[in-house]
Amino acid sequence: MNTVELVKLLSKAYGPSGWEGQVRDVIKKMAEDRGFECRVDTLGNLICHRAPTSADNMAEAAPQKLLMAAHMDSLGLMVTRITGDGYLKFGKLGGIAPMDIVGLPVRFANGTVGTIHANSGTEAKDLSFDRLYIDLGVSKKEEAEKYVKVGDVAVYDSPCYVSANGKYITGPYMDDRACCAMMLLAMEQLEESENDLYFVFTVQEEVGTRGAQTAGYGVDPDMAFIFDVTDSNDVPGGEADATCCTGKGPAVMIMDSSVICHPAVVAHIEETAKALKLKVQRDVCLVGGTDGGPIHKGRGGVPTGGVSLPLRYMHTPQETACIKDIEEGAKLIAAAVCRA
Ligand SMILES: [Zn+2]
Numbered sequence: 599m600n601t602v603e604l605v606k607l608l609s610k611a612y613g614p615s616g617w618e619g620q621v622r623d624v625i626k627k628m629a630e631d632r633g634f635e636c637r638v639d640t641l642g643n644l645i646c647h648r649a650p651t652s653a654d655n656m657a658e659a660a661p662q663k664l665l666m667a668a669h670m671d672s673l674g675l676m677v678t679r680i681t682g683d684g685y686l687k688f689g690k691l692g693g694i695a696p697m698d699i700v701g702l703p704v705r706f707a708n709g710t711v712g713t714i715h716a717n718s719g720t721e722a723k724d725l726s727f728d729r730l731y732i733d734l735g736v737s738k739k740e741e742a743e744k745y746v747k748v749g750d751v752a753v754y755d756s757p758c759y760v761s762a763n764g765k766y767i768t769g770p771y772m773d774d775r776a777c778c779a780m781m782l783l784a785m786e787q788l789e790e791s792e793n794d795l796y797f798v799f800t801v802q803e804e805v806g807t808r809g810a811q812t813a814g815y816g817v818d819p820d821m822a823f824i825f826d827v828t829d830s831n832d833v834p835g836g837e838a839d840a841t842c843c844t845g846k847g848p849a850v851m852i853m854d855s856s857v858i859c860h861p862a863v864v865a866h867i868e869e870t871a872k873a874l875k876l877k878v879q880r881d882v883c884l885v886g887g888t889d890g891g892p893i894h895k896g897r898g899g900v901p902t903g904g905v906s907l908p909l910r911y912m913h914t915p916q917e918t919a920c921i922k923d924i925e926e927g928a929k930l931i932a933a934a935v936c937r938a
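Following this line, the structure appears as structure tokens:
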């Protein structure tokens, strides 16, 4: 399976925060095919383990335990009420702007599809979640209830496609399925290593990095690497908001609003990139956190860093990433975690 096929497959899998089962099943199968031993913790994090494959018999220290994390969950829309004429009112799971989702097709776990609309006559400046609803193409509450219940969650059903020049991929959930793909690609490319490797696909990141907290505690790593998307500055008006852009390589995490990366981890990733002759950028993200937040504060503290994937149109149904950035990110991860 090539990178595009992998990202498409992961993007299509249903997995809003709290309901990651379908996407987890897809990833678990792939991780097992790559020789990893997988377990699922209480909150639903998928923990994929590879024991050291080479050991320095002279070494007295135990092998280093490394945790690599990308989140499986996506944004979602939870049904809060069904009107008498069968329209669905909803709230959001994660950071969603109402202007980004008007006219959008959505899909529920059971395959039921619908479209988001705003109340007739709503002006753009007045758009809010109270004025949005999902139309299932029914005309009565009882009919809608055959397909959907209060508490069910819809995901974006927008397409995943490659740009005309073959360089970019657009889809609803590059955040963070593109980084899940990056981890799975890295898991195929690992060298022999004395390190004890835990690739963790976390849950509930979009609602406050909840899965990462229990995963970090459970694995109890010596060092952690986080893989998530970051805003790119190569969009009109985006120059001031971000430090990296798409197409110029993966970005080494320096900080986000939840973690200041450990200098030794930053240096290790940058040195690995240099050794591989990979071009990388530096990601300073002033707004928005990652799984690195809870993980670096676990137990007595964990040296934490990571690789960010620059992304256009974050948290919209048309998130756009550069395919080469994903592939080079995978190479960087594979080398960095084996050599740490
Ligand atoms: Zn994310």
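Here the sequence shown stands for residues 599 to 938, where the numbers follow the numbering used here. No residue lacks a Cβ here, since even glycine has one placed at the ideal position from N, Cα and C.
Not one heavy atom of ligand 1 is found less than 6 Å from the C-beta of D881.
Look at the beta carbons and you see the stretch 753–773 touching the stretch 609–618: at least three pairs across the two are nearer than 8 Å. V827 and M851 have their C-alpha atoms spaced approximately 10 Å apart. When the five nearest sequence neighbours on each side are left out, the beta carbons in the same chain lying within less than 7 Å of the beta carbon of R679 are those of K687, V748, in order along the chain. About 13 Å separates the CB atoms of P696 and P915; that is not less than 8 Å, and the two are not in contact.
In chain order, P696 place their CB closer than 7 Å to the CB of S726, counting only its own chain and leaving out the 5 sequence neighbours on each side. Within the stretch 855–883, complete alpha helix (DSSP H) segments of at least 4 residues are found at 861–874, given in chain order. Judged by beta-carbon spacing, T812 lies within the 7 Å limit of D639, meaning their Cβ atoms are closer than that value. With contact defined as three or more Cβ pairs closer than 8 Å, the stretch 713–724 and the stretch 880–890 are not in contact. Excluding the 5 residues flanking it on each side, A707 has same chain C-beta neighbours closer than 8 Å at Y612, W617, Q620, D750, V751, in chain order. Burial check for A762: the Cβ neighbour count within 10 Å stays below 16, so the residue is exposed. For D774, the distance from the CB to the nearest heavy atom of ligand 1 is below 6 Å. For P892, the enclosing alpha helix (DSSP H) has its first and last residue at 890–894.
For R775, there is no enclosing beta strand (DSSP E); the enclosing alpha helix (DSSP H) has its first and last residue at 772–787. The distance from the Cβ of L665 to that of A938 is about 11 Å, inconsistent with a contact at the 8 Å cut-off. Within its own chain, the residues whose Cβ lies closer than 7 Å to the Cβ of D733, once the five positions on either side in sequence are excluded, are Y685, G712, T713, H715, listed in chain order. Taking C-beta atoms under 8 Å as the contact rule, P908 and T844 qualify, at a distance of about 5 Å. For the pair M821 and A668, the CB atoms are not nearer than the 7 Å cut-off.
In this structure, D826 has its CB closer than 6 Å to one or more heavy atoms of ligand 1. If you draw a straight line from the Cα of D773 to the Cα of S672, it comes to about 7 Å. One alpha carbon belongs to N831, the other to E603, and they sit about 27 Å apart.
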